[in-house]
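Asker: Pasting a structure here, questions to come.
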Amino acid sequence: MSSLSTTSFPPFVLLMLCFTLSFQSSHQSHNVISIHSLFPNCSSSKGTKKLSQSPSTLEIHHRHDLCSQPTSSSSDTTKSTQQLLEQDQSRVDTIQAKLSKKSKKQDPFQRKKTTLPVQSGRSLGTGNYVVRVGFGTPKSDLSLVFDTGSDFTWTQCEPCAKACYDQQDPVFNPSNSKSYTNITCDSQLCGPKLRSATSATPGCASSTCVYGIQYGDQSFSVGYFGVETITIGQDVFPNFYFGCGQNNQGLFGKAAGLLGLGRNSLSFVSQTATKYGNAFSYCLPAAASATGLLKFGSSNPYPPAVKFTPMLSRSDGASFYFLDLIGMSVGGYKLGISGSVFATGGTIIDSGTVITRLPPTAYEALRGAFRKAMARYPLGKPASILDTCYDFTGYSTITIPKIGLFFSPGIEVGVDPLGVLIAASVSQVCLAFAPNGDPGDVGIYGNKQQLKLDVIYDVGNSKIGFGPGSCN
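Quick look at the structure:
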């Protein structure tokens, strides 16, 4: 049998064949998205169906949901995006300071002493997603920001001896709970163990242990260290250690406090390890008005589609979840970035940082490839930390290159199309990545690039997994 030759095809068929192959190649390396998908769609969010849940699952909501506000306009979106980026940079600055070998560990957020004698410590800027957790007996359901970069769980408490900010739920009153107890100053917990979770030396007030924690965006909480019963879905945990805040200020989006999912012994993950086996996962929704899922416990064996990378540790950042980022791709082509570029500072994955931070050399390669692929579109003015922005005025859809992240031992994790760009306005839509200031700074895999993925933290088996999102 003679071999098939292209000369046997008529010119028209050859033209159609070339067009088809070109279209398939473009489809595999690019995404076409609607401009409207980059902005809140409040009308569709009202009909969002309830996601199926297990007893150990919580719904995730974005604390900056513009659709929850009485009025929302394009100027609100621009202002909200600017504030988000500024707060995000504050968080990143604090993470870098904690992990920097050059840092003298001085507290840049010193405040005047309050009526509760505790020295503020350095921690992180607060995260962006909230869940509902029950406190007390009988339980009071409260909205808490969940944060993998924080170890300590706290909520505002009556009588708010100094100050409480506005929150959507009634402030928790420990005097109405049958299961609340203060931790005394002479307890072994009121010492190095508490300090390791808050980065602040505990204080003492009327024989009660006092905690203090401050975040990179200047938010803070000071109050009594206590023990209480908490409820997650249908699971009840007595004797849970947490902070009962009496002096609280900051940008928590009306959440009552914070759920710390770091690796410290006082974190929620560690305190519930007997039940959940040091494992949890989440799926962050693509739209701020949509619903995601936070699940506790292992699903071992995991679905075949889940890809795992080793979970790493560092002594100077024991609370953070490190992983080995080794490369990136744009439009189906792997960028020529040496692995040593990522290894110099290392990389953490963080639910509270929005924009992924890259080593300068890696970011320059990403930016160059992205700009080349987007050359047909007019550039817009930079937005805060973002220097690659576009003016999409007059466009209803755009075509953007796919972006992938490579982790050891070679798995590729794709970035959802809505995780590639962040929009301040139609005339200012930006690449949602930013460079670090120094090659030795730690890289941060931010939540914007984790959208619509099931991200699995199997702490007990020291691995992090990525799979198709259960909240899509």
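For the sequence shown, the positions run -28 to -1, 1 to 444 when mature numbering (1 follows the signal peptide of the UniProt record, and there is no 0) is used.
All residues carry an ideal CB built from backbone N, CA and C; glycine is no exception.
Could you say which of N3, Y101, I67 and L56 lies nearest to L265 if we only look at CA atoms?
Answerer: Of the listed residues, the one whose Cα sits closest to L265 is Y101.
Asker: Cβ atoms of L231 and F118: under 8 Å apart, would you say?
Answerer: Yes, the Cβ-Cβ distance between F118 and L231 is below 8 Å.
Asker: Taking D426 and S253 to be in contact with their CB atoms under 8 Å, please state how far apart those CB atoms are, rounded to whole angstroms.
Answerer: D426 to S253, Cβ: 6 Å. Contact.
Asker: Which partner residues of K306 appear in the DSSP bridge assignment?
Answerer: Looking at the DSSP assignment, K306 forms a beta bridge with S301.
Asker: According to the neighbour-count rule (16 or more other Cβ atoms, all chains shown, within 10 Å of its Cβ), is E58 buried or exposed?
Answerer: Answer is exposed; the Cβ neighbour count stays below 16.
Asker: Please return the same chain residues whose Cβ sits closer than 8 Å to the Cβ of T156, not counting the five positions on each side in sequence.
Answerer: C162, S179, T180 and C181.
Asker: Identify the residues that DSSP records as bridge partners of F212: which are they?
Answerer: Beta-bridge pairing links F212 to E200.
Asker: Could you check which residue in G432, L223, F212 and G175 has the C-alpha nearest to that of Q190?
Answerer: For the residues G432, L223, F212 and G175, the minimum Cα distance to Q190 belongs to L223.
Asker: Tell me where the alpha helix (DSSP H) around S253 begins and ends.
Answerer: Careful: S253 lies outside any alpha helix (DSSP H), inside the beta strand (DSSP E) at A251 to C255.
Asker: In terms of residues, what are the limits of the alpha helix (DSSP H) holding V240?
Answerer: Here the sequence assigns Phe to residue 240, which means Val is not the residue at that position. From DSSP, the alpha helix (DSSP H) with F240 extends over F240 to Q243.
Asker: Along the chain, where does the alpha helix (DSSP H) that runs through R35 open and close?
Answerer: Careful: R35 lies outside any alpha helix (DSSP H) and carries neither H nor E.
Asker: Please classify A345 as buried or exposed, where buried requires at least 16 other C-beta atoms within 10 Å of its C-beta.
Answerer: Buried is the call here.
Asker: If you follow the beta strand (DSSP E) that K279 is part of, which residue opens it and which one closes it?
Answerer: Note, K279: beta strand (DSSP E), K279 to P282.
Asker: Nearest-angstrom Cα distance between A355 and A396?
Answerer: If you take the alpha carbons of A355 and A396, they lie about 8 Å apart.
Asker: Identify, in the order they occur along the chain, each residue of the same chain with its Cβ nearer than 8 Å to the Cβ of K420, setting aside the five sequence neighbours on each side.
Answerer: Same-chain partners within the cutoff: V326, I327, T328, G391, I394 and A404.
Asker: Decide if G93 is buried, meaning its Cβ has at least 16 other Cβ atoms within 10 Å, or exposed.
Answerer: Below a pLDDT of 50, predicted positions are generally treated as unreliable, and G93, at 32, falls in that range; the measurement from the model is reported next regardless. Its Cβ being crowded by 16 or more others within 10 Å, G93 is buried.
Asker: Rounding to the nearest angstrom, what Cα-Cα distance links P131 and P164 in this structure?
Answerer: Distance between the alpha carbons of P131 and P164: 28 Å.
Asker: With a threshold of 16 other CB atoms inside 10 Å of the CB of H34, please say whether the residue is buried or exposed.
Answerer: Answer is buried; the Cβ neighbour count reaches 16.
Asker: Does K226 pass the burial test, meaning 16 or more other C-beta atoms within 10 Å, or should it be called exposed?
Answerer: Classification of K226: exposed, given that the 10 Å Cβ count is below 16.
Asker: Could you check if S6 is buried or exposed, using at least 16 other CB atoms within 10 Å of its CB as the buried criterion?
Answerer: Answer is exposed; the Cβ neighbour count stays below 16.
Asker: Roughly how many angstroms lie between the CA atoms of K374 and N236, to the nearest whole one?
Answerer: Rounded to whole angstroms, K374 to N236 spans 36 Å at the Cα level.
Asker: Quick check on this structure: which residue in F11, P381 and D158 has the alpha carbon closest to the alpha carbon of residue 450?
Answerer: With the chain running from -28 to 444 in the structure shown, residue 450 is simply not present.
Asker: Which whole-angstrom value is the C-beta distance of C255 and S442, which I expect to be below 8 Å?
Answerer: Indeed, because the Cβ distance is near 5 Å, the residues count as touching under 8 Å.
Asker: May I ask you to report which of helix, strand or coil DSSP gives Q190?
Answerer: Note: Q190 maps to coil in three-state DSSP.
Asker: Within 10 Å of its beta-carbon, does R348 have 16 or more other beta-carbons around it, so buried, or fewer, so exposed?
Answerer: So R348 counts as exposed.
Asker: Going straight from the alpha carbon of L238 to that of K435, what length do you get?
Answerer: Going from the Cα of L238 to the Cα of K435 covers about 21 Å.
Asker: Below 8 Å between beta carbons: does that hold for G198 and N154?
Answerer: Their beta carbons are under 8 Å apart, which means G198 touches N154 by this criterion.
Asker: Can you tell me the Cα-Cα spacing of L114 and G303, whole angstroms?
Answerer: If you take the alpha carbons of L114 and G303, they lie about 43 Å apart.
Asker: Which term fits T360, buried or exposed, when burial requires 16 or more other beta carbons within 10 angstroms of its beta carbon?
Answerer: Under this definition T360 is a buried residue.
Asker: Relative to the alpha-carbon of L307, which residue among A337, K111, D296 and L284 has its alpha-carbon at the smallest distance?
Answerer: Ranking A337, K111, D296 and L284 by Cα distance to L307 puts A337 first.
Asker: The beta strand (DSSP E) spanning V385 covers which residue range?
Answerer: Looking at the DSSP string, the run of the beta strand (DSSP E) that includes V385 is I383 to G386.
Asker: To the nearest whole angstrom, what separates the beta carbons of F314 and P331, a pair I think is in contact under 8 Å?
Answerer: Confirmed, about 6 Å.
Asker: Below 7 Å CB to CB, which residues in the same chain sit around V143 once its five sequence neighbours on both sides are set aside?
Answerer: Excluding sequence neighbours, V143 sits near Q128, C129, E130, C132 and C136.
Asker: Please identify the residue among C216, R339, C176 and L297 whose C-alpha is closest to the C-alpha of I416.
Answerer: Ranking C216, R339, C176 and L297 by Cα distance to I416 puts L297 first.
Asker: Report the residue from G175, S291 and S72 whose alpha carbon sits nearest the alpha carbon of A169.
Answerer: If we check each option's Cα against that of A169, S291 comes out closest.
Asker: Less than 8 Å between the C-beta atoms of F438 and V278, yes or no?
Answerer: A contact, by the Cβ cut-off of 8 Å.
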